[in-house]
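Q:
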Amino acid sequence: MSTTTTTRTADPIDPAPAAATPPVWHGSSVLLQIRVLTGRSLRALVTDPGVVLFGLLQPVVILVVLTQVFSKMGQPPHFPAGVTYLDFVLPAVLIDNAVQSAVQSGVGLVDDLKNGIVARLRSLPIVPSSLLIARSLANLVRSAVQAVILLALAIGVLGYSPRGGATELAASVGLTLFISWSLGWAFIAAGAWLRRAEPMQNLAVIAILPLMFASSAYIPVADLPAWLAAVAKVNPLTYAIDATRALALGIPGVDAAVPALLFGGAIAVVGATFAVLGFRRPM
Amino acid sequence: MTGLAAPPPDSRATTGEIMIEAQDVSKVFGSVRALDSVNISVPRGTVLALLGHNGAGKTTLVGVLTAALPLTSGRAAVAGFDVARQPQEIRRRIGLTGQFASVDGQLSGRDNLLLIARLLGAGRRAAQARADELLELFALGEVATRRARTYSGGLRRRLDLAASLVGRPEVIFLDEPTTGLDPSSRLNLWEIVENLVADGTTVLLTTQYLDEADRLADSIAVLSAGSVIASGTAAELKAKVGQRTVTVTLDGQDDPAAAVEALRRASMEPVTGLDNGAIIIPIGASKEIAAVIRALDRVGIEAAELSFGEPSLDDVYLTLAEQPSLLAPLSERPSA
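Heads up: the protein sequence lines correspond to chains X and Z, in order.
Our numbering numbers the first residue of the first sequence as 1 and each following residue consecutively.
Our numbering numbers the first residue of the second sequence as 284 and each following residue consecutively.
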């Protein structure tokens with residue numbers, strides 16, 4: 001006679017041990033993880049409005065200073081006809097804001113790595129990439145909030161009125177946010193590999209300032225000195241700025257959106273890949 | 284005996300089921316062998332203390348066992364699950380309190396606990412209930428809504444430990460849990476750990492503090508340069524190393540010199556010169572206490588006070604960790 005007996009090996013590394021008691025909760029879906037973690041990243045925006053104000057500092061300074069300085073000067077020869085400097089520079093300021101916000105998503109990841117929360121999350125049964133995706137989404141929200149504040153400031157205080165119309169302005173902002181999101185992945189990847197705040201800040205200064213100034217952001221490319229124009233022509237930000245500007249102003253040049261979207265997509269794919277690889281390395 | 288002040292009668296410590304097991308675990312970082320064929324085994328409801336210097340490999344071993352670091356060779360299992368093959372199953376069942384408080388300084392204490400409960404799969408209401416329960420248990424109620432970065436070191440540690448208990452883990456890893464804590468916070472944390480163990484939780488604790496291992500641990504593994512150089516209960520380790528002593532204090536009228544002379548004649552090596560005039564005599568086995576008394580009796584001296592001293596874990600630690608080469612006979616693990 002034989003009763004069915006499941007042989008329990010003495011090996012403690014038995015993959016399905018009877019010993020294991022079920023945990024209290026059964027884990028969360030990836031979507032829930034992303035939602036909860038995005039909420040966590042965004043909470044800083046609510047509890048610490050200084051974060052948003054600080055992020056707005058550079059775009060606002062550029063917006064106010066440049067429009068005040070350049071509106072009193074003669075317009076450069078290749079300036080689009082009938083366009084004020086405010087009209088011209090606002091899309092670039094929004095892009096600048098997008099880029100700043102992207103940098104902050106990398107800085108935020110470095111902060112997370114430093115303050116111990118990543119160590120905690122690693123000990124939980126969650127998908128590690130959900131933290132990266134949450135960072136990226138929080139960046140997008142932050143970028144959008146800041147863009148709205150900047151637009152409100154430009155319209156309310158500086159008297160900006162979008163010449164291209166509301167829908168075109170929305171499309172322009174949408175493209176800006178896409179650029180912010182994709183660049184955010186580049187900086188999240190940098191944060192995942194560098195893991196320290198100082199090199200992140202250095203990278204931000206080294207990468208962002210030249211990219212913004214060697215572009216069509218503040219002066220038409222044709223009016224830049226020849227060598228700078230050469231750099232600006234291969235600078236992907238030039239395409240992004242040209243496209244968002246053409247949309248906002250209702251002038252030709254919207255086709256620059258194609259290289260801008262391609263560039264953004266490529267950066268996002270490469271950035272996300274490297275972010276996951278870098279983040280996977282042990283602490 | 285061992286760490287637990289008062290093991291409760293219904294302690295489940297006796298079931299003997301192995302909850303943490305490492306078999307020949309090695310971990311190599313580049314050219315550094317951080318762990319070298321480490322074997323440990325911790326039965327359910329007991330505490331193993333990993334004792335060692337900085338750099339001995341304690342944190343690396345915790346990393347391997349919590350599935351945070353891949354091991355180079357060997358096998359390890361926690362709660363019956365293989366660390367390499369079933370890391371998520373392990374993460375569902377463990378709590379980890381690292382050397383540096385792993386909490387989000389931006390969030391309040393309560394929000395930290397809520398975040399973890401939600402990530403573990405608790406519904407909103409269940410998460411709130413569990414967070415409040417832990418806040419109360421850890422006496423964090425008053426600071427629950429304050430951001431964790433404003434907490435003192437002791438509060439952060441308590442929050443950190445609370446955070447690792449959200450999912451009611453069966454196995455807890457405490458990596459130097461009391462480093463940098465003031466004495467009362469330490470005591471507080473020890474009591475919490477003792478309560479958890481009484482409830483059947485299995486604990487692996489790393490520490491540099493011998494009194495901590497002595498108080499909390501059922502068994503101790505001494506780690507040095509990535510190897511377990513000795514293991515056993517605190518009492519076993521002390522018995523193997525260090526010196527037992529008998530301390531004799533004389534009445535005022537007795538002559539210490541005569542006592543020392545009598546003890547020397549009995550082939551002992553008494554030490555004097557302490558402020559209170561006590562004489563310390565190193566002995567081998569405890570029955571030699573009788574020899575001390577007889578030697579004194581022979582010259583008509585009666586000890587006013589007599590005490591027996593076990594070697595401290597400090598002796599164990601210093602002897603073993605500093606001179607691992609002397610330890611060949613100690614490196615076999617005693618049967619658990």
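Note that the Cβ used here is the ideal one computed from N, Cα and C, for glycine as well.
Bear in mind that the values here come from a model prediction, so they are computed numbers and not experimental data.
Under 8 angstroms, Cβ to Cβ, is there at least one residue of chain X near ILE576(Z)?
A: Locating residue 576(Z) in the second sequence gives position 293, counting from the first residue. So, not an interface residue.
Q: Within 8 angstroms of any Cβ in chain Z, is that where the Cβ of PRO125(X) sits?
A: By 1-based counting over the first sequence, the position of residue 125(X) is 125. At least one chain Z Cβ lies under 8 angstroms of PRO125(X).
Q: Taking all protein chains shown into account, do 16 or more other C-beta atoms lie within 10 angstroms of the C-beta of SER507(Z), making it buried, or fewer, making it exposed?
A: Residue mapping note: residue 507(Z) aligns to position 224 of the second sequence, counting from 1. When all chains shown are included, SER507(Z) counts as buried.
Q: Can a CB atom of chain X be found closer than 8 angstroms to the CB of ALA446(Z)?
A: Mapped onto the second sequence, residue 446(Z) falls at position 163. Chain X contact via Cβ: present.
Q: Can you tell which of SER510(Z), LEU390(Z) and LYS521(Z) has the C-alpha that lies nearest to the C-alpha of HIS336(Z)?
A: If you number the second sequence from 1, residue 336(Z) lands on position 53. Answer by Cα proximity: SER510(Z).
Q: My parser needs the beta strand (DSSP E) runs of 3 or more residues fully inside the stretch 219-273 of chain X; what are they?
A: You should have found no qualifying run.
Q: For ASN115(X), return the contacting residues in chain Z, with the cut-off set at a CB-CB distance below 7 angstroms.
A: One-based indexing of the first sequence puts residue 115(X) at position 115. Correct list: ASP387 and GLY388.
Q: Does the beta-carbon of GLU304(Z) have 16 or more other beta-carbons within 10 angstroms, so that it is buried, or is it exposed?
A: As a position in the second sequence, residue 304(Z) is number 21, starting the count at 1. Counting Cβ neighbours within 10 Å, GLU304(Z) comes out buried, since at least 16 surround it.
Q: For the beta strand (DSSP E) holding GLU304(Z), just list the boundary residues, first then last.
A: Within the second sequence, residue 304(Z) is the residue found at index 21, counting from 1. Per DSSP, GLU304(Z) belongs to the beta strand (DSSP E) from 301-312.
Q: What residues from chain Z crowd round PHE145(X), counting only those whose CB sits closer than 7 angstroms?
A: Here residue 145(X) corresponds to residue number 145 of the first sequence, with the count starting at 1. First, the residue type needs correcting, since residue 145(X) is Val and not Phe in the sequence shown. Ordered by position in chain Z, no residue passes the 7 angstroms Cβ test against VAL145(X), which lies about 17 angstroms from the chain.
Q: Look at the alpha carbon of ASN115(X) and the alpha carbon of ARG281(X), and state the distance between them as a whole number of angstroms.
A: Numbered from 1 along the first sequence, position 115 holds the residue referred to as residue 115(X). Numbered from 1 along the first sequence, position 281 holds the residue referred to as residue 281(X). Approximately 17 angstroms, taken between the alpha carbons.
Q: Can you name the start and end residues of the beta strand (DSSP E) that SER101(X) belongs to?
A: Within the first sequence, residue 101(X) is the residue found at index 101, counting from 1. Unbroken run through SER101(X) is the alpha helix (DSSP H), 85-115; no beta strand (DSSP E).
Q: Assign PRO353(Z) to buried or exposed, taking buried as 16 or more other Cβ atoms, counted over all protein chains shown, within 10 Å of its Cβ.
A: Taking the second sequence and counting its residues from 1, the one referred to as residue 353(Z) is at position 70. By the 10 Å Cβ count, PRO353(Z) comes out exposed.
Q: For GLU453(Z), which residues in the same chain have their Cβ closer than 7 angstroms to its Cβ, ignoring the five residues on either side in sequence?
A: Start at 1 with the first residue of the second sequence, and residue 453(Z) comes out as number 170. Around GLU453(Z): MET302, ALA362, ARG376, THR484 and THR485.
Q: What's the gap between the Cα of GLY378(Z) and the Cα of SER447(Z)?
A: What you label residue 378(Z) is simply residue 95 of the second sequence in a count that begins at 1. What you label residue 447(Z) is simply residue 164 of the second sequence in a count that begins at 1. The straight-line gap from Cα to Cα measures roughly 4 angstroms.
Q: Around the Cβ of ALA246(X), are there at least 16 other Cβ atoms within 10 angstroms (buried) or fewer (exposed)?
A: On the first sequence, position 246 is the one that residue 246(X) refers to. Buried: at least 16 other Cβ atoms inside 10 Å.
Q: Smallest Cα separation from ARG393(Z): which of PRO553(Z), LEU333(Z), ASP501(Z) and ALA410(Z)?
A: Counting from one through the second sequence, the residue named residue 393(Z) turns up at place 110. Closest option to ARG393(Z), Cα to Cα, is ALA410(Z).
Q: In whole angstroms, give me the CA-to-CA distance for THR461(Z) and ARG440(Z).
A: As a first step, residue 461(Z) is located in the second sequence; it is residue number 178 there, counting from the start. As a first step, residue 440(Z) is located in the second sequence; it is residue number 157 there, counting from the start. Cα to Cα, the separation comes out at about 8 angstroms.
Q: Which partner residues does ALA513(Z) have in the DSSP bridge list?
A: Taking the first residue of the second sequence as position 1, residue 513(Z) is located at position 230. DSSP, once it has assigned bridges, lists VAL505(Z) as partnering ALA513(Z).
Q: Could you check whether the Cβ of ARG281(X) sits closer than 8 angstroms to any Cβ belonging to chain Z?
A: To locate residue 281(X), count along the first sequence from 1; it is residue 281. Taking Cβ atoms only, chain Z never reaches closer than 8 angstroms to ARG281(X), which makes this a no.
Q: Under 8 angstroms, with one C-beta from each stretch per pair, do the stretch 367-374 of chain Z and the stretch 86-102 of chain X reach the 3-pair mark?
A: Flag = no, the stretch 367-374 of chain Z and the stretch 86-102 of chain X do not touch.
Q: Taking Cβ to Cβ, would you say LEU194(X) is nearer than 8 angstroms to MET200(X)?
A: Position 194 of the first sequence, counted from the start, is the residue given in the question as residue 194(X). Position 200 of the first sequence, counted from the start, is the residue given in the question as residue 200(X). Cβ distance < 8 angstroms, so LEU194(X) and MET200(X) count as in contact.
Q: Taking 8 angstroms as the threshold (C-beta atoms), are ALA481(Z) and ASP534(Z) in contact?
A: Counted from its first residue, the second sequence places residue 534(Z) at position 251. Counted from its first residue, the second sequence places residue 481(Z) at position 198. No. Outside cutoff.
Q: Rounding to the nearest angstrom, what Cα-Cα distance links LEU334(Z) and GLY174(X) in this structure?
A: The sequence position of residue 334(Z) within the second sequence is 51, counting from 1. The sequence position of residue 174(X) within the first sequence is 174, counting from 1. So the alpha carbons of these two residues sit roughly 57 angstroms apart.
Q: For ALA400(Z), which of GLY313(Z), ALA350(Z) and ARG451(Z) has the nearest alpha-carbon?
A: As a position in the second sequence, residue 400(Z) is number 117, starting the count at 1. Here the closest residue by C-alpha is ARG451(Z).
Q: Rounded to whole angstroms, what is the Cα-Cα separation between PRO76(X) and ALA214(X)?
A: Stepping through the first sequence from its first residue, residue 76(X) is reached at position 76. Stepping through the first sequence from its first residue, residue 214(X) is reached at position 214. Approximately 16 angstroms between the Cα atoms of the pair.
Q: Is GLU588(Z) helix, strand or coil when you go by DSSP?
A: Mapped onto the second sequence, residue 588(Z) falls at position 305. The answer is strand: DSSP assigns GLU588(Z) an E or B state.
Q: I'd like the list of long-range same chain contacts for VAL313(X), defined as Cβ closer than 6 angstroms, with 5 residues on each side in sequence excluded.
A: Outside the modelled stretch of chain X, which goes from 1 to 283, sits residue 313(X), for which no answer is possible.
Q: Who are the near neighbours of ALA611(Z) in its chain, counting only those whose CB is closer than 6 angstroms to its CB and skipping five residues on each side?
A: Numbered from its first residue, the second sequence carries residue 611(Z) at position 328. Below a pLDDT of 50, predicted positions are generally treated as unreliable, and ALA611(Z), at 39, falls in that range; the measurement from the model is reported next regardless. Around ALA611(Z): no qualifying Cβ.
Q: Chain Z beta carbons: is any one of them nearer than 8 angstroms to that of GLY27(X)?
A: The sequence position of residue 27(X) within the first sequence is 27, counting from 1. Chain Z, which has a Cβ nearer than 8 angstroms to the Cβ of GLY27(X), makes this yes.
Q: Using a beta-carbon distance below 8 angstroms, is GLY299(Z) in contact with chain X?
A: One-based indexing of the second sequence puts residue 299(Z) at position 16. So, not an interface residue.
Q: Quick one: is ILE512(Z) buried, meaning 16 or more other Cβ sit within 10 Å of its Cβ, or exposed?
A: Taking the first residue of the second sequence as position 1, residue 512(Z) is located at position 229. That one is buried.
Q: Less than 8 angstroms between the C-beta atoms of MET551(Z) and ILE572(Z), yes or no?
A: Translated into positions along the second sequence, residue 551(Z) becomes position 268. Translated into positions along the second sequence, residue 572(Z) becomes position 289. Against a cut-off of 8 angstroms, the Cβ pair of ILE572(Z) and MET551(Z) comes out as no contact.
Q: Leaving out five residues on either side along the sequence, give the residues of the same chain with a beta carbon under 6 angstroms from the beta carbon of PRO12(X).
A: As a working mapping, residue 12(X) is identified with position 12 in the first sequence. Residue confidence for PRO12(X) is low, a pLDDT of 41 falling below 50, so the modelled location carries little weight; the figure read from the coordinates is stated next. Nothing listed; no residue qualifies.
Q: Thinking just about the alpha-carbon of each residue, which of ARG316(Z), ILE566(Z) and THR555(Z) is nearest to the one in ALA339(Z)?
A: By one-based count along the second sequence, residue 339(Z) stands at place 56. Nearest C-alpha to ALA339(Z): ARG316(Z).
Q: For PHE456(Z), count neighbouring C-beta atoms within 10 Å of its own C-beta (all shown protein chains included) and say buried if the count is 16 or more, exposed if not.
A: Looking up residue 456(Z) in the second sequence gives position 173. Result: buried.
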